[in-house]
Amino acid sequence: MAQPQQPPPGNMTGGGPPPPGRMPGNFIVFGPRANCTLDLCPVEMSVYGYRPSLAANGAFIALFTIAAMIHAYLGIRWRSWWFMSCMVTGCFVITLGYIGRIMLYYNPWSFAGFMMQIILVGSGPVWFCGAIYVTLSKTVTFLSPAYSRIPPRLYIWIFIPCDAIALILQAAGGALSTTSSGASQVGVDMGIAGLAFQVATMTIFSTAMVDYMVRYLRSPTARADGSIIQVLGVRLRLFFVGLASATVLILGRSAYRVEELSKGYSGPSIRNETLFIWLEGVVIVVATYLLCIGHPGIVFSKCRQGRPESTDKIAMSNVRLSSRSPENRV
Numbered sequence: 012m013a014q015p016q017q018p019p020p021g022n023m024t025g026g027g028p029p030p031p032g033r034m035p036g037n038f039i040v041f042g043p044r045a046n047c048t049l050d051l052c053p054v055e056m057s058v059y060g061y062r063p064s065l066a067a068n069g070a071f072i073a074l075f076t077i078a079a080m081i082h083a084y085l086g087i088r089w090r091s092w093w094f095m096s097c098m099v100t101g102c103f104v105i106t107l108g109y110i111g112r113i114m115l116y117y118n119p120w121s122f123a124g125f126m127m128q129i130i131l132v133g134s135g136p137v138w139f140c141g142a143i144y145v146t147l148s149k150t151v152t153f154l155s156p157a158y159s160r161i162p163p164r165l166y167i168w169i170f171i172p173c174d175a176i177a178l179i180l181q182a183a184g185g186a187l188s189t190t191s192s193g194a195s196q197v198g199v200d201m202g203i204a205g206l207a208f209q210v211a212t213m214t215i216f217s218t219a220m221v222d223y224m225v226r227y228l229r230s231p232t233a234r235a236d237g238s239i240i241q242v243l244g245v246r247l248r249l250f251f252v253g254l255a256s257a258t259v260l261i262l263g264r265s266a267y268r269v270e271e272l273s274k275g276y277s278g279p280s281i282r283n284e285t286l287f288i289w290l291e292g293v294v295i296v297v298a299t300y301l302l303c304i305g306h307p308g309i310v311f312s313k314c315r316q317g318r319p320e321s322t323d324k325i326a327m328s329n330v331r332l333s334s335r336s337p338e339n340r341v
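When we follow the working numbering, the leftmost residue of the sequence shown carries the number 12, and every step to the right adds one.
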């Protein structure tokens with residue numbers, strides 16, 4: 012392989028990333044017209060300053076693909092259509108994003124690969140949030156709405172629109188960065204705004220979720236003989252642990268992405284692959300599989316007793332099931 016041609020002095024400063032656009036010596040290092048290759052330019056001139064790990068990104072693609080298949084199976088088995096749709100869509104979107112990172116392994120200056128991973132890896136967990144928000148609404152209705160400070164349906168009417176706003180802002184920011192070849196700070200700012208809005212939404216949601224769980228588990232309804240918590244036992248506890256843990260992980264990951272993009276496409280965090288692998292990749296993989304444990308079918312199917320109703324219909328029946336006998340909880 013030919014030795015890389017070193018760019019003229021002044022192209023890079025202090026080992027940091029080059030600014031997007033054209034560099035002296037007719038090198039274009041960022042944007043759809045980028046003409047650098049591994050034969051011509053050192054990888055430090057790319058936006059990330061490294062070649063993304065082929066092994067790590069390949070592993071993430073495999074893990075999210077397997078997770079999508081598991082969620083599809085569980086969704087069909089337990090007829091949890093909304094939860095399944097959100098989880099499978101999120102896994103698919105994130106998988107495409109990691110394909111973009113593999114494109115960057117072969118060509119660190121691939122603008123298409125960069126935008127794929129920025130938009131898709133970044134926005135994929137928003138779909139998981141949609142699954143979580145609706146699941147808590149259904150759970151509150153299923154267990155006992157009396158212990159929620161928010162009416163169950165308002166969880167959907169408040170948090171799903173907020174989820175959509177976060178998704179739109181992140182997608183619009185990525186699209187603007189694409190059309191401006193990454194030179195527009197507005198696109199970066201919109202992406203950060205979407206992530207920050209997601210963090211704020213999830214913080215409020217997490218507070219409401221913890222408040223409800225504590226109030227319900229301490230209530231006379233939960234402790235009464237024949238209560239749902241006694242009928243479900245370990246199932247309900249695993250469900251709560253899976254749902255709550257996944258929520259905390261996604262919240263922490265979103266906070267990391269806000270910090271990562273706070274300096275735009277030239278900050279130190281965006282060029283730290285180890286941080287990305289652990290705080291983006293590993294965290295979201297774990298959250299995805301925790302949502303197999305925090306799957307609504309684990310709780311609702313136990314009380315359905317094999318009947319053909321969907322878990323969506325069971326959970327949204329708007330009946331205080333905790334006041335009914337176990338054999339009628341369907």
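No residue lacks a Cβ here, since even glycine has one placed at the ideal position from N, Cα and C.
Requested in this report: Express the C-alpha separation of I105 and A78 in angstroms, rounding to a whole number.
Outcome: On the sequence shown, residue 78 is found 67 positions in, with the first residue counted as 1. On the sequence shown, residue 105 is found 94 positions in, with the first residue counted as 1. One C-alpha to the other measures close to 11 Å.
Query raised in the report: Any idea if W168 is buried or exposed, counting beta-carbon neighbours within 10 angstroms, 16 or more meaning buried?
Result: Translated into positions along the sequence shown, residue 168 becomes position 157. Exposed, because fewer than 16 other Cβ atoms sit within 10 Å of the Cβ of W168.
**Report entry** Residue span of the alpha helix (DSSP H) that contains H82, given as start and end
**Finding:** As a position in the sequence shown, residue 82 is number 71, starting the count at 1. Segment L65 to W89, the alpha helix (DSSP H) holding H82.
Query raised in the report: Hey, A207 and V294 are a contact pair by Cβ (cut 8 Å); roughly how many whole angstroms apart?
Result: By 1-based counting over the sequence shown, the position of residue 207 is 196. By 1-based counting over the sequence shown, the position of residue 294 is 283. That pair is no contact at about 18 Å.
Requested in this report: Within its chain, find whatever has a CB closer than 7 Å to the CB of M220; leave out the 5 residues flanking it on each side and keep chain order.
Outcome: For this step, residue 220 is matched to residue 209 along the sequence shown. Hits under 7 Å: L147, A255 and T258.
Requested in this report: Within the same chain, show all residues whose beta-carbon is closer than 6 Å to that of I281, passing over the 5 residues directly before and after it, in chain order.
Outcome: On the sequence shown, residue 281 is found 270 positions in, with the first residue counted as 1. Here the set comprises E271.
Query raised in the report: Taking S277 as the reference, which of V297, Y61, F103 and V242 has the closest Cα?
Result: Position 266 of the sequence shown holds residue 277. Among V297, Y61, F103 and V242, the Cα nearest to that of S277 is on Y61.
Report task. Hey, could you find the ends of the alpha helix (DSSP H) Q196 is sitting in? Result -> Translated into positions along the sequence shown, residue 196 becomes position 185. Segment Q196 to L228, the alpha helix (DSSP H) holding Q196.
Query raised in the report: Within the chosen definition, does the segment 50-64 reach the segment 198-205 through at least 3 CB pairs nearer than 8 Å?
Result: no
Query raised in the report: Which residues bound the alpha helix (DSSP H) around L131?
Result: Within the sequence shown, numbered from 1, the residue matching residue 131 stands at position 120. Looking at the DSSP string, L131 is not in any alpha helix (DSSP H), and its letter there is neither H nor E.
Report task. Starting from the Cα of T218, find the closest Cα among F311, S159, K149 and F122 and give me that residue. Result -> By 1-based counting over the sequence shown, the position of residue 218 is 207. When each option's Cα is compared against that of T218, the closest is S159.
Report task. Taking P63 as the reference, give the member of M98, L165, G111 and T48 with the closest Cα. Result -> In the sequence shown, counting from the first residue as 1, residue 63 sits at position 52. The candidate whose alpha carbon is nearest that of P63 is G111.
Report task. Leaving out five residues on either side along the sequence, give the residues of the same chain with a beta carbon under 8 Å from the beta carbon of I288. Result -> Translated into positions along the sequence shown, residue 288 becomes position 277. Closer than 8 Å at the Cβ level, and outside the excluded window around I288, lie S64 and A67.
Query raised in the report: Near G292, which residues of its chain fall below 6 Å by C-beta distance, leaving aside the five closest residues on each side in sequence?
Result: Counting from one through the sequence shown, the residue named residue 292 turns up at place 281. The residues are F71.
Query - Beta-carbon proximity list for I179, same chain, < 7 Å, skipping 5 on both sides - result: As a working note, residue 179 is residue 168 in the sequence shown. Once the five neighbours on either side are set aside, I179 has no close Cβ partner at all.
Query raised in the report: My guess is that L115 and L131 are in contact by the Cβ rule of under 8 Å, so how many angstroms apart are they, rounded?
Result: The residue given as residue 115 occupies position 104 in the sequence shown. The residue given as residue 131 occupies position 120 in the sequence shown. With a Cβ gap of about 13 Å, L115 and L131 do not count as contacting.
**Report entry** Alpha-carbon spacing of T299 relative to F139, whole angstroms
**Finding:** Counted from its first residue, the sequence shown places residue 299 at position 288. Counted from its first residue, the sequence shown places residue 139 at position 128. Cα to Cα, the separation comes out at about 8 Å.
Query raised in the report: For F170, does the three-state DSSP call read helix, strand or coil?
Result: Taking the first residue of the sequence shown as 1, we reach residue 170 at position 159. In the structure shown, F170 sits in a helix (DSSP, three-state: H, G or I).
Query - Contact set for I304: own chain, Cβ-Cβ below 6 Å, skip 5 residues either direction - result: Taking the sequence shown and counting its residues from 1, one reaches residue 304 at position 293. Excluding sequence neighbours, I304 sits near L249 and G253.
Query raised in the report: Which residue spans inside the segment 238-299 form an unbroken alpha helix (DSSP H) run of at least 4?
Result: 239-243, 245-272 and 284-287
Query - Residue span of the alpha helix (DSSP H) that contains F41, given as start and end - result: Residue numbering aside, residue 41 sits at position 30 when the sequence shown is read from its first letter. No alpha helix (DSSP H) holds F41; DSSP gives it neither H nor E.
Query raised in the report: At which residues does the alpha helix (DSSP H) containing P231 begin and terminate?
Result: By 1-based counting over the sequence shown, the position of residue 231 is 220. P231 to R234 is the span of the alpha helix (DSSP H), which, as asked, contains P231.
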